[in-house]
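Quick mapping for you: the protein sequence lines, in order, are chains A and B.
Just add 20 to wherever you are in the first sequence, counting from 1, and you've got the working numbering.
Just add 52 to wherever you are in the second sequence, counting from 1, and you've got the working numbering.
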Amino acid sequence: MDLKDLYRDIIVDHNRHPRNFREITDADRRADGFNPLCGDKLTVYVKLDGERISDVSFNGSGCAISVASASLLTESVKGRSIAEAEELFAQMHRLLTLDDAAVDIPALGKLGALSGVRAFPARVKCASLCWHTLDAALHSHDQASTE
Amino acid sequence: MNAVTARLETAEAFDVAAIRRDFPVLARTVHGYPLSYLDNAASSQRPRAVIDAMSSYYENSHANVHRGVHTLSQEATDLFEGAREKVRRFINARSSKEIVFVRGTTEAINLVAQSYGRPRFGPGDEILVSWLEHHANIVPWQMLCEQTGATLKVAPITRTGEVDFAAFTALLSPRTKLVALAHVSNALGTVIPVHRFIGAARAQGVPVLLDGAQAVPHLKVDVQALDCDFYAFSGHKMCGPTGIGVLYGREELLGAMPPWQGGGDMILAVSFGKTVYNGLPWKFEAGTPDIAGAIGLGAAIDYLETLGMERVAAVEHELLLYANQQLAAVPGLRFVGTAPDKAAVVSFTIDRVHPHDLGTILDQEGVAIRTGHHCAMPVMEFFGLPATARASFAFYNTHAEVDRLVDALRTAQEMLG
């Protein structure tokens, strides 16, 4: 285990400069996510155009892994259909809990940078919180928790 | 133990290298670095003497207590009740009837809530706690309030992390039925000047429970001098085993309280017509107790008494001063909780580096600290923080470990800051 494998440059960059870090005031869907273990809290906002995610953003506070993961999430699902976003969630779950062979890493693009989290089991929830929260938003629940 | 005694009598200074050899785990490495264990407020480590006492009990003397006439049962009972007497002496209770073995501080507080509070409290009654409390000294009272209609009142804290005494006394009223206060804050390390608070409460006839989980391992605690009514603490934070803790209660209060749980050992006679409960303290110890845990706790007390609690407190205070000085030089570090009287607990944040990331990065250099809300979410809310990093020291920690903490913090800043 090497810290550089967890805190890859792209993760450090997205933590320092999170993308789509804002509220969408006229969001069609939103949900709050909370990790009771470490106190990470974030809100995901979704703007829909039919079945397509036309805009997605987040705000809140959290560790570098949770902020970078949420930032990468917004870049990855914007413009995709709800079904495609759900499939990405399933892929991310496999990436974070199984091994690289279980996932089509090139298809994940920048999200593949989170594969190093797997070696730090205590941090998997940090990376998955935003995905659970997006899932809750898309299914019109207003809260997600990693517990 | 005799070797330890001899060593301390002949050595002027506290021989920390020798003390560390008493703790087997301190010899291990983590990620290739020597373990630097700075998470003692969550749970301390065990000296060999505690591990040996428990092993010896299981290897030689295990049987159920208070039951058989056979030799092993008698030995187990003697060891178990001997541990109770060690606890009594350690906190200077009047009688071993006042020492109830429980699973830990949490269970002790729940016992008082359900056995003392539930039959007595009702709508209009108030329970007074402080904003500093650990969840274990909040949630049992919230549950009791739901059950009885009583109200939970919260004494505020100051920006330095001290309980506001004037506000506390203003909240004391004829409606107050119980005060429940931390002796030492787990999240911030504040030592609460409990004599003042107990004095104010008792002047109005209000009983006081102290959550001593963080105090007993680090200070000399004398329940008669404190003049509190209940005192709760855990074995595992004072070099003893997990799963064992103590509720001290004033004998007249415990005697008037109904049993909390029913079962074996807490009765004198059972029939379907009438069951007669056992006397103190066994009335509150239904079922087979954690015999090995109690014996281990007794061994931990022997160990701490050999070191001397005054010396433990002095050594830890010196570590706190050194840590404060070294950490103050880290750019962007902010202390959370700056009361003048503190146990060796340092809670802090670092600009642009989240505590959770600090925890991971420090662990990679073998430095174990706690990060998060420390089971004191209201304290975090008060300071407007989601979490802090917390280094908490024991007498076996060293200046070199403080230096390694500081070095690891700089690594984290370089990586993420």
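Beta carbons are placed, not taken as given, at the ideal position from N, Cα and C, and that holds for glycine.
Keep in mind it's a predicted model, so treat the numbers as computed, not measured.
Where Ala366 (chain B) is concerned, there is no enclosing beta strand (DSSP E), although the alpha helix (DSSP H) around it starts and stops at 361-380. Here the stretch 23-32 of chain A makes contact with the stretch 136-144 of chain A; the two share three or more CB pairs at distances below 8 angstroms. Close to Gly424 (chain B), with beta-carbon spacing below 7 angstroms, are these residues of chain A in chain order: Leu57, Cys58, Gly59. If you look at Asp455 (chain B), you'll find it in the alpha helix (DSSP H) that goes 451-468. Of all C-beta pairs linking the stretch 343-358 of chain B to the stretch 366-377 of chain B, fewer than three are shorter than 8 angstroms, placing the two stretches out of contact. At a cut-off of 7 angstroms, the C-beta of Gln465 (chain B) has no neighbouring C-beta in chain A. Shortest Cα-Cα distance from Ile85 (chain A) to any of A:Glu106, A:His34, A:Leu158 involves A:His34. C-alpha of Ala366 (chain B) to C-alpha of Phe132 (chain B): approximately 31 angstroms in a straight line. If you check the CB distance, Phe285 (chain B) and Val164 (chain B) do not come in under 7 angstroms. Per DSSP, Glu137 (chain B) is one residue of the alpha helix (DSSP H) stretching across 123-142. Not flagged as an interface residue toward chain A: His187 (chain B), since no C-beta distance is shorter than 7 angstroms.
Inclusion of Pro310 (chain B) and Ser167 (chain B) in the CB contact set at 7 angstroms is warranted, their separation being smaller than that value. When DSSP states are grouped into helix, strand and coil, Glu95 (chain A) belongs to the helix group. With its beta carbon less than 7 angstroms from one in chain A, Asp409 (chain B) belongs to the interface.
Counting only unbroken stretches of 3 or more residues, the beta strand (DSSP E) elements lying wholly within the stretch 136-195 of chain B are 151-154, 178-182, in sequence order. The C-beta of Cys83 (chain A) comes closer than 7 angstroms to at least one C-beta of chain B. Residues of chain B with a Cβ closer than 8 angstroms to the Cβ of Cys146 (chain A) are, in chain order, His408. Neighbours of Arg143 (chain A) in chain B, taken as residues whose beta carbon is under 8 angstroms from its own, are His408, Thr412 in chain order.
The beta carbon of Ala232 (chain B) is closer than 6 angstroms to those of Val181, Asn189, Leu261 in its chain, skipping five residues each way along the sequence. Contact with chain A is found for Pro438 (chain B), since one of that chain's Cβ atoms lies less than 7 angstroms from the residue's Cβ.
Under DSSP, Arg138 (chain A) shares a beta bridge with no residue. In terms of CA proximity to Arg73 (chain B), B:Arg100 leads the group B:Phe66, B:His83, B:Ala94, B:Arg100.
At a C-beta separation below 7 angstroms, Tyr27 (chain A) has these neighbours in chain B: Met467, Leu468.
At a C-beta separation below 8 angstroms, Met432 (chain B) has these neighbours in chain A: Gly59. Counting along the chain, Ala105 (chain A) sits inside the alpha helix (DSSP H) bounded by residues 102-117.
For the beta strand (DSSP E) assignment, the uninterrupted runs of no fewer than 3 residues enclosed by the stretch 219-303 of chain B are, from N- to C-terminal side, 228-234, 260-263, 282-286, 297-301. Ranked by Cα distance from Gly360 (chain B), the first of B:Leu124, B:Val273, B:Arg442, B:Gly424 is B:Val273. Between Leu23 (chain A) and chain B, the shortest Cβ-Cβ separation is below 7 angstroms. At the C-beta level, Glu185 (chain B) and Ala234 (chain B) come within 7 angstroms of one another. Each residue's CA atom was taken as its position, placing Leu379 (chain B) and Tyr89 (chain B) some 17 angstroms apart. Scanning chain A for C-beta atoms nearer than 9 angstroms to the C-beta of Gln194 (chain B) yields nothing, as the closest lies near 17 angstroms away. Judged by DSSP secondary structure, Val76 (chain A) falls within the beta strand (DSSP E) whose first and last residues are 72-81. Judged by DSSP secondary structure, Arg72 (chain B) falls within the alpha helix (DSSP H) whose first and last residues are 68-73. Rounded to the nearest angstrom, the gap between the Cα atoms of Leu108 (chain A) and Glu71 (chain A) is 15 angstroms. Take Val64 (chain A), set aside five residues on each side of it, and the residues of its chain with a beta-carbon closer than 6 angstroms to its own are Ala51, Phe78, Thr153, Leu154, Ala157, in chain order. Going by C-alpha positions, Phe324 (chain B) is about 18 angstroms away from Gln313 (chain B).
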